[in-house]
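Quick mapping for you: the protein sequence lines, in order, are chains R and A. Per this note's numbering, the first sequence starts with residue 1, numbered consecutively. Per this note's numbering, the second sequence starts with residue 1, numbered consecutively. Below is one structure, written out as C-alpha cells; comments come after it.
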Amino acid sequence: MRPLTEDETKVFFEKLTKYIGKNVLHLVDRSDETYYFRLHNEKVYYVSDSMLRQAVSIGRDQLASLGVCFGKFTKSKKFKLHITALDYLAQYAKYKLWIKPNGEGSFLYGNHVLKAHIGRITEDTPEHQGVIIFSMSDIPLGFGVTARSTVEIRKLKPTDIVAFHQADIGEYLREQDTLF
Amino acid sequence: MDVSAQLEAQKSKFKSINVEKQVSLQFDLGLLASFDTNALEENKLKTETDNYLKSYTRDGTQLLINEIFQLPLTSVQDVGVVVELPKIVTAIPREKPLPKPKPPTRWERFAKLKGIKKNKKSKLIYDEEKGEWVPRWGYKGANDDGSNEWLVPVPDNADPFEDQFTKLREAKKERISKNEARRRRNMDEAETGETQKLENKSKAGAKALKKTELHQQISVAKTSTASLGKFDKPIKGEPSNTKGVKRKFEPNIGDIQKEKEARLNILNKIIDKKGEVLNVRKAIAKNHQEN
C-alpha cells in the first residue's frame, strides 16, 4: 500500500473528471474526515484516515482490500474505473441517463444502452461524455460513455446505441473475484 | 656519273616532309589523330577553298606521319616494318550511361549499419589432419559437415536409432533452401524498390541507434572509475543516469495537509486544462429567460 505518484494521480483524476468533473474536489477535500487515495496491488482505494491507520499494521501480502476500490491501473498504466466507485460517482454525477425498466435487464448483462431504452437524459450532454446510468426509480445501475449528444439522439432509430457500456452493477456477481 | 642532280630533281617533285606551323600540333597516336589549334587563313579559305583545305590537311597528316616514324620501329617477317602505337590519350565519352549501383542486400544494409567490414580471406586453408591445403568451402572443403564420410559419430544425448546421415543431409537441405529464400527476397525487394525505402528508413534509425549507443557508452564510461564517477565533472548534455536509482514513494501516513494540497494542485491543473466549454444553447436560453 502506498500513496499514488504524481503521474498516477494525474491519470486517475483525469478519468474521474470525465464522469464527475470538478466534483473530484469534494472527494479530496472532505469536511467530515480526511480521506486518501491509496494504491495496493495496482488497485486504487479510497480510504478514511482511521481505516488507513488500522490498515498500515497489516502486511502487504495479508492485506486483501481496504476502503472503497475505485478501480485499477492496467499494465499499460491506464486507469479503469470499477463499478465499486459507483456510489461516489452517482453522488457527484454531472451528466445522467435514466433507462426504462425494460432496458435495465439488458444493461445489467453488460450490453450497450439503446435509444429505445432511454427514459430521460441530462440536457446538453455532449458526445463521448461519461454518464452515470440510473433506473427510472433513481437507483444507480452503472456508468458509460455517450455515443451521441442529446440533440443528435433525437434523430436516431430506436435500435441505435446511445451510450457505451463501461460498468454495471451486474459485475458484482459476474466479476466478484477481481472487483475489490 | 653524278646522280645528285637527278636526286635533286626527284626530290623537287615531292613536297617537303618539313612543315612549319606556328603552334605545334597535338597528337594522339593511339587514335592516329592530330589536333591543329592554329587559326585558318580566311582569305585563302574564301578564294581557293578546296586547294587550301587539301594542303592544310596534307600538312597535318605529314606531321602525324613524322610523329609515327619517331616511334621505335620493329620489322616483322612477311609484314615489313611495324610500329606499336601508344595507348589512347584522349578521353572519349562512353556510349551508354553508367550502370546503376546494385541495391544492397539485407545483410549489406545491416553490415553497414553496424559498421561490419568485409575482410578478404584466402580461398585455401591448411587442414592439419589431412596435412594439405583444402578449399575453405565447397567440394572437399574444410567446412564439410561430414555427411559424405563412411562414419558419423552419434552425439551423446541423441536418439541411438536416429539416422545421423539423413539428419545431416536434411540440415544441409534446409540451409540451402533458407539461403535461396533470402536471395529471392533480396531480388524481390530490389525489384519493387522496397530496398530503397528500407534503407531510407534505416538511415534515420541508424542515427537514433548511434545516439542511444553513445549514451550507453557514456554512462558506462562515467561509472568506470574507482569512485563510480562520483567526483567526475558532468559533461555538457550528458544523459541522466537513471540506472540504480531506487524508486521512492511518499510515506503512507505523512503530512496530511501537504498531500491534500499536492492532490488539489494536480486536480486544478487538469480542470484548468480542460476549461469549461461554453454551452451556446444553454447560454442563449438563459439569456432569454433573464430578459
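Here a beta-carbon is modelled for each residue, glycine too, at the ideal position from N, C-alpha and C.
Neighbour-count burial assignment, residue i, 16 or more Cβ in a 10 Å radius
i, result
"Q196/A", "exposed"
"N51/A", "exposed"
"L73/A", "exposed"
"E104/R", "buried"
"H128/R", "exposed"
"T74/R", "exposed"
"E259/A", "buried"
"L228/A", "exposed"
Residue i at chain R interface by Cβ criterion, 8 Å
i, result
"I284/A", "no"
"N252/A", "yes"
"I116/A", "no"
"L151/A", "no"
"K246/A", "no"
"K274/A", "yes"
For residue i, the three-state DSSP class (helix, strand or coil)
i, result
"D168/R", "strand"
"S147/A", "coil"
"E42/A", "helix"
"V23/A", "coil"
"I235/A", "coil"
"V123/R", "In the sequence on display, residue 123/R carries Glu and not Val. It is coil, neither helix nor strand."
"H112/R", "coil"
"A300/A", "An answer regarding residue 300/A cannot be provided, because it is not within the stretch 1 to 291 covered by chain A."
"W137/A", "coil"
"G59/R", "coil"
"R148/R", "coil"
"I92/A", "coil"
"L214/A", "helix"
"L179/R", "coil"
"F14/A", "coil"
"R106/A", "helix"
Element boundaries [alpha helix (DSSP H), containing residue i]
i, result
"A171/A", "Q164 to T192"
"F13/R", "E6 to I20"
"T34/R", "Segment: none, T34/R is in no alpha helix (DSSP H) and carries neither H nor E."
"S106/R", "P101 to L108"
"I256/A", "I256 to K274"
Extent of the continuous beta strand (DSSP E) run through residue i
i, result
"V44/R", "K43 to S48"
"Y126/A", "L124 to D127"
"T74/A", "L73 to V76"
Rounded C-alpha distance that separates residue i from residue j
i, j, result
"A147/R", "P126/R", "9 Å"
"H78/R", "K72/R", "Position check: residue 78/R holds Lys in this sequence, whereas His was assumed. Answer to the nearest angstrom: the Cα atoms are 8 Å apart."
"V131/R", "Y92/R", "11 Å"
"V194/R", "S50/R", "Beyond the ends of chain R as shown, which are 1 and 180, falls residue 194/R; an answer cannot be given."
"V82/A", "T90/A", "23 Å"
"K157/R", "H112/R", "15 Å"
"D29/R", "T212/A", "45 Å"
Test: residue i CB closer than 8 Å to a CB of chain A
i, result
"R53/R", "yes"
"V56/R", "yes"
"R2/R", "yes"
"I42/R", "A small correction: the amino acid at residue 42/R is Glu; Ile does not occupy that position in the sequence shown. False, the Cβ-Cβ gap to chain A never drops below 8 Å."
"T9/R", "yes"
"V145/R", "no"
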